[in-house]
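Residue numbers (UniProt numbering): 1 to 379. We put the CB at the ideal spot given by N, CA and C, even for glycine. Single-structure report; data block below.
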Amino acid sequence: MKIPSAYIHIPFCQQICHYCDFTKFFYNERLADDYLEALEKEIHTYIPGKKANVRTIFVGGGTPTAVNHKQLEKLLQMIDAHFDIAGCEEYTFEANPGDLDVEKVRLLKAYGVDRISLGVQVFDDDMLEKIGRVHKVKDVYTNIDRLVQAGLTNVSIDLMYALPGQTVEDFEKTIDEAMQFGLPHYSSYSLQIEPKTVFYQRYKKGKLSKAKEDDEAEMYELLQRKLAEAGAVQYEISNFAKPGFESKHNLTYWNNEYYYGIGAGAHGYLPGKRTINIRPLPAYVKKATEDGKPVLHEEPIGLKEQLEEEMFLGLRKTRGVSKELFHQKYGKTLVDVFGNKLTELKERSLIAEDTDHIYLTSKGRILGNEVFQEFLLEE
């Protein structure tokens, strides 16, 4: 069966952000060399023969561009050797402002990367320092200019809100500055205080306070309004794009389609199972080098899980879940499977429907997790 997408994880960072709970390690040249060798073994296990024809490739992290020039080229060559880049509809690299010097931008362009996702977070140097970022606001301008000069104009930037000490006015300034670039795509997420992060330790010790729920809701509503005014359409709870520039790769996830998950801590979705790779770097390198199969856990996905995930993921999209596609995939209608829940959620004004879609209302988006839980099926 064809797997439409590939996610490749590069876990290295020049600095560990205080809020980040992704698989990440401080960059070390020797470790990065070992990691790339192990990564190639894993890719070869999935794709041992001719190049795989995938619709999207997303190289995330960590910070994929934290590696040196030689390693970046090795990574790009490795991906090129195993995937049909020419037939790929979207090839994204994550990057941090300040990481992209002229040579790295040249390499990305030369090897067919056509989309860059920049971790900007806020346009405020003091706040950047407080959350553990090493870049400055000026680096965002420098890097976007370099990308545009090289012809890499499909740029997305990530923004964060509900940060410690951040006011609604602070976030409005960040949105306004971000909008000045006129980019085709913006993602924005509220701070989640996750275990095993610096912020979590501070929070547990009473040295960090969460943003007020009312402020967080106001920031989200402000985000929605400002981006709509700028012509960016909200196509998912946290994502906005000019028409035609929606992230095809992320839509793979929200459409509940299959994808390879390659690299330390990477998650994949293959026919009948979801996979989670080993997270610790030495253990990942050892296992991938030995047999190319560094999987920590495989979770069987039966019909029950598929139906639940179709709703959890699909309702994140503004258009929601297609009644017709649901019926095509499962041979059952949404009403057959979730009739009572749909009626109840509509009565609570959390979901709505049109001719072909079930989707979250504005109220439903704010209470998204509460809505998603309603679609858990009994054993």
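- Around the beta carbon of S117, 16 or more other beta carbons sit within 10 angstroms, so the residue counts as buried.
- Shown here for F171: same chain residues with a beta carbon closer than 6 Å to its own, the five before and five after excluded, namely Y161 and M219 in chain order.
- Segment contact: the region 246-258 against the region 79-96, three or more CB-CB distances shorter than 8 Å; contact assigned.
- With respect to the C-alpha of V122, the residue from S187, N68, A150 and E347 having the closest C-alpha is S187.
- DSSP places V67 outside both helix and strand once states are collapsed to three, so it counts as coil.
- Contact check for Q14 against V134 passes: the beta carbons are separated by less than 8 Å.
- DSSP links L118 through a beta bridge to A95 and I157.
- For L360, the enclosing beta strand (DSSP E) starts and ends at H357 to L360.
- Within the same chain, Cβ atoms closer than 8 Å to the Cβ of E257 are found at P4, S5 and Y269, the five residues on either side in sequence being excluded.
- Around the Cβ of D139, a 10 Å sphere holds 16 or more other Cβ atoms; the residue is buried.
- Contact between Y7 and A288 is absent: CB atoms are separated by about 16 Å, not below the 8 Å threshold.
- A buried status is given to K317, since no fewer than 16 other beta-carbon atoms sit within 10 Å of its beta-carbon.
- Put simply, of L147, N96, N143 and D125 the residue whose alpha carbon is nearest the alpha carbon of K109 is L147.
- Residue environment: P271 is assigned as exposed (fewer than 16 neighbouring CB atoms within 10 Å of its CB, all protein chains considered).
- Annotation: the continuous alpha helix (DSSP H) that includes A288 extends over L281 to D291.
- Between S209 and L183, the beta carbon gap of about 32 Å keeps them out of contact (Cβ cut-off 8 Å).
- Taking a C-beta distance under 8 Å as the contact criterion, L72 and T65 qualify as a contact pair.
- When DSSP states are grouped into helix, strand and coil, R274 belongs to the strand group.
- By the criterion of at least three beta-carbon pairs nearer than 8 Å, the region 302-320 is in contact with the region 360-371.
- With contacts defined by Cβ atoms closer than 8 Å, N143 and G98 form a contacting pair.
- Residue burial annotation: F338 is buried, with at least 16 other C-beta atoms found within 10 angstroms of its C-beta.
- G231 is classed as exposed because its beta carbon has fewer than 16 other beta carbons within 10 Å across all chains shown.
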